[in-house]
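Okay, so here's the structure we're looking at.
In my numbering, the protein residues as written are 1 to 239.
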């Protein structure tokens, strides 16, 4: 037991030394160099198929098309016998339910179909699958101090990120492998003093257009480590 504690202290000391050598922006640059070494994200055009698994729910299959230069986003989501499609094409919004654009107010409410919701989903997926590159977006505040932490038994270099008020109010922490600089965990709080929010464990990789994207994202509440669900990137295709 004593040997294990000494070993963990040595690991943490080593990670601290590395962290002290890097600024927050330098760590972010190294992480981006790992995930997107050829700067392909700004011109990304591809398809992602994601299976969401959650306790006591049937799987949801989300087929996504992103064309960042053309400002095009399409989300086709299927669960049980229901399929919704949300499309944003240079600001033009198209919605459909089971192949029909004739959607009642009741159906729109039940299936959360609206153009505002489509924009939210576009921002959600481009943010999560564009990390860590999206941390270069305007309004992002990168803490200059890199910290070290052992999380789930592994040492990480940790980057703290906040946002200007117009962009967002959450506090995020991104955990990077201290050797490869791969992003392996991220965590956010609405109010850190309450230990609210969630953490996401990343595993596996898919390489699409030269970008290394996490294959599996397992979501947990910070408080109580309660498991929420898992997103699995089951198929990718460059367009």
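Even for Gly, the Cβ is constructed at its ideal location relative to N, Cα and C.
Checklist entry - residue 208 and residue 238 look like a contact to me (Cβ under 8 Å); what is the Cβ gap, rounded to whole Å? => result By a beta-carbon distance limit of 8 Å, residue 208 contacts residue 238. Their separation comes to about 6 Å.
Item to check | Nearest-angstrom Cα separation, counted from residue 28 out to residue 158 | outcome: For residue 158 and residue 28, the distance between alpha carbons rounds to 10 Å.
Item to check | Coil, strand or helix - residue 179 by DSSP | outcome: Coil.
Item to check | Proximal residues to residue 227 (C-beta, below 6 Å), its chain only, five neighbours per side dropped | outcome: Contacts found: 220.
Next on the checklist: Using only CA atoms, which one of 235, 107, 33, 93 lies nearest to residue 82?
Outcome noted: Ranking 235, 107, 33, 93 by Cα distance to residue 82 puts 107 first.
Next on the checklist: Please state the DSSP three-state secondary structure of residue 101.
Outcome noted: Here residue 101 sits in coil by DSSP.
Checklist entry - Given 8 Å as the limit, is there contact between the region 115–125 and the region 141–160, that is, 3 or more CB pairs closer than that? => result Contact check between the region 115–125 and the region 141–160: fewer than three CB pairs, one atom from each, fall below 8 Å, which does not count as touching.
Next on the checklist: Can you tell me whether residue 204 is helix, strand or coil according to DSSP?
Outcome noted: The answer is strand: DSSP assigns residue 204 an E or B state.
Checklist entry - Would a C-beta distance cut-off of 9 Å place residue 35 and residue 132 closer than the cut-off? => result Going by C-beta atoms, residue 35 is nearer than 9 Å to residue 132.
Checklist entry - Distance, Cα to Cα, residue 135 vs residue 201? => result Approximately 18 Å between the Cα atoms of the pair.
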